[in-house]
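K.L.:
In the working numbering, the protein residues as written are 9 to 407.
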């Protein structure tokens, strides 16, 4: 009985998706497209509740150039009946706004966009939320444990309506063409808007001071930032196991270092140290997952520990040491996969346990060769120079 109910719910969900994708959204778009395009109108759409950094950067730049920006974000209270109704109404509104916009910017897989190809005179620009090309996504993960099944992608194509995709370097164009199932000629190495801030010397130099205001216990110790990606089959089912021996790290490193950890927004909702641990290590470990921006955290950090997160691309702009805590590398590679062999790709030591982390931290403390970081940055981030936002605005306003 339970399995029958699950199949019925799945069938109804598929019918709803088919109706929206092939009937309702196209009909709304066609009707709205009878009106002329507003040459000053920009649409910024995201699956987030607040405007993401890339879109915020573009909004400021475009409005300063005289454009009028409209935001489309997911309604509050996701999952409730009222929120689903609000989402339905908003997606209808999206089609109407889309039909008369000059420019449309997205930075994730925004499903309502894929039901209608843009009319002549509208540019749809995918900024994407990650720099570089690390773990696979989109069509590159079809039929993997992480990705959608190929049959579903054939029935409801995604990433199929872009007129342009902006990326952080020319070398990664083939990876994005594969992920988005699009021709390489629409992919342009214009940079990533949110990376501009890493070229602002005032912001970079003041980051540590800002962190000290929040956590004066840091004192004159160096900051280690731990910023892992999530685990799980999807973002909604994500989880995190810290896998760090905090007691051992505290004993070995706390005289010279503090540990700040910033988890993925989805896993931060489900993970925290126990009250006992927070009290015991209150002068060594600081959870900044919810109240410190990642750009500020990275600029304040003297070194980064990560795993498979794309934050490593932005951190490479700072030319500081990185350590790769890949305790589940084989499992993660099997389920998600990478565009390049992990061991040949990451610009720093790969460790599997806390002892490895401590050793790598001490080695970095005594000095590190920045050439590996620079080569990595030049390959994956050569279009990011502090002027990405302006360059993207100019590229599409000129058309």
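Even glycine gets a Cβ: it sits at the ideal position worked out from N, Cα and C. Since we're looking at a predicted model, the values are computed, not measured.
Is it buried or exposed, residue 311, if we count other Cβ atoms within 10 angstroms and call 16 or more buried?
P.N.:
buried
K.L.:
To test your reading of the DSSP string, which unbroken alpha helix (DSSP H) runs of 4 or more residues are found completely within the region 51-123?
P.N.:
With a minimum length of 4 residues, the continuous alpha helix (DSSP H) runs that stay inside the region 51-123 are 61-72, 89-107.
K.L.:
Provide the residue span of the alpha helix (DSSP H) that contains residue 330, from first to last.
P.N.:
Segment 330-333 is the beta strand (DSSP E) holding residue 330; no alpha helix (DSSP H) there.
K.L.:
Quick check on residue 359: does DSSP put it in helix, strand or coil?
P.N.:
strand
K.L.:
The alpha helix (DSSP H) with residue 314 in it runs from where to where?
P.N.:
Taken as a continuous stretch (DSSP letters only), residue 314 belongs to no alpha helix (DSSP H), being part of the beta strand (DSSP E) at 311-314.
K.L.:
Under three-state DSSP, which class holds residue 266?
P.N.:
strand
K.L.:
Please classify residue 174: is it buried, with 16 or more other beta-carbons within 10 angstroms of its beta-carbon, or exposed?
P.N.:
By the neighbour-count rule (16 or more Cβ atoms within 10 Å), residue 174 is buried.
K.L.:
For residue 21, count neighbouring Cβ atoms within 10 angstroms of its own Cβ and tell me buried if that reaches 16, exposed if not.
P.N.:
exposed
K.L.:
Give the DSSP-derived three-state secondary structure of residue 234 in the structure shown.
P.N.:
strand
K.L.:
Could you tell me the distance, in whole angstroms, from the CA atom of residue 387 to the CA atom of residue 376?
P.N.:
20 Å
K.L.:
Taking the beta strand (DSSP E) that residue 217 falls in, what are its first and last residues?
P.N.:
Not the beta strand (DSSP E): residue 217 falls in the alpha helix (DSSP H), residues 209-222.
K.L.:
Name the one or two DSSP bridge partners that residue 46 has.
P.N.:
109
K.L.:
May I ask which residues mark the beginning and end of the beta strand (DSSP E) holding residue 131?
P.N.:
131-134
K.L.:
Can you tell me whether residue 346 is helix, strand or coil according to DSSP?
P.N.:
strand
K.L.:
Less than 7 Å between C-beta atoms, sequence neighbours within five positions excluded: which residues of the same chain meet that for residue 251?
P.N.:
335
K.L.:
So residue 106 and residue 51 are in contact, right, with Cβ under 8 Å, and what is the actual spacing, rounded?
P.N.:
At roughly 6 Å, the Cβ-Cβ gap stays under 8 Å, so residue 106 and residue 51 are in contact.
K.L.:
Restricting to Cα atoms, I'd like to know which of 299, 198, 209, 202 is closest to residue 404.
P.N.:
Ranking 299, 198, 209, 202 by Cα distance to residue 404 puts 198 first.
K.L.:
Here's the rule I'm using: 16 or more other beta-carbon atoms within 10 Å means buried, otherwise exposed. How should residue 76 be labelled?
P.N.:
When all chains shown are included, residue 76 counts as exposed.
K.L.:
Using only the alpha-carbon positions, how far apart do residue 397 and residue 37 sit?
P.N.:
29 Å
K.L.:
Pull up the distance between the alpha-carbon of residue 244 and that of residue 18, whole angstroms please.
P.N.:
Interpretation of residue 244 is limited by its pLDDT of 49, a score under 50 that renders its predicted location unreliable; no figure is taken from the coordinates.
K.L.:
Mind the definition here: the region 210-227 touches the region 293-310 only if three or more C-beta pairs lie below 8 Å; say whether that holds.
P.N.:
The region 210-227 makes contact with the region 293-310; the number of CB pairs closer than 8 Å reaches 3 or more.
K.L.:
Which one of 61, 193, 124 has the shortest CA to CA distance from residue 165?
P.N.:
124
K.L.:
Who does residue 196 pair with in a DSSP beta bridge?
P.N.:
174
K.L.:
So who's on the other strand from residue 295, going by DSSP bridges?
P.N.:
Looking at the DSSP assignment, residue 295 forms a beta bridge with 269.
K.L.:
Using 8 Å as the threshold, is the region 286-293 in touch with the region 252-265, meaning 3 or more CB pairs across them?
P.N.:
When Cβ pairs closer than 8 Å are counted between the two stretches, the region 286-293 is seen to touch the region 252-265, the count reaching three or more.
K.L.:
Can you give me the Cβ contacts of residue 25 inside the same chain, cut-off strictly under 7 Å, excluding the 5 residues immediately before and after it?
P.N.:
Cβ within range, chain order: 164.
K.L.:
How big is the Cα-Cα spacing for residue 341 and residue 362?
P.N.:
21 Å
K.L.:
Quick check on the DSSP output: the alpha helix (DSSP H) that includes residue 149 runs from which residue to which?
P.N.:
Here residue 149 belongs to no alpha helix (DSSP H), and DSSP marks it neither H nor E.
K.L.:
In three-state DSSP terms, what is residue 304?
P.N.:
helix
K.L.:
What's the call for residue 284, buried or exposed, on a 16-neighbour Cβ count within 10 Å?
P.N.:
exposed
K.L.:
If we count the other Cβ atoms within 10 Å of its Cβ and call it buried at 16 or more, is residue 234 buried or exposed?
P.N.:
buried
K.L.:
Can the beta-carbon of residue 202 be found less than 7 Å from the beta-carbon of residue 392?
P.N.:
no
K.L.:
Of all the options 23, 318, 329, which has the alpha carbon lying nearest to the alpha carbon of residue 176?
P.N.:
318
K.L.:
Using DSSP with H/G/I as helix, E/B as strand and the rest coil, what is residue 169?
P.N.:
coil
K.L.:
Given this structure, state the Cα-to-Cα distance separating residue 316 from residue 31, to the nearest angstrom.
P.N.:
C-alpha separation (whole angstroms): 39 Å.
K.L.:
Over the uninterrupted alpha helix (DSSP H) stretch that includes residue 397, give me the two end residues.
P.N.:
396-405
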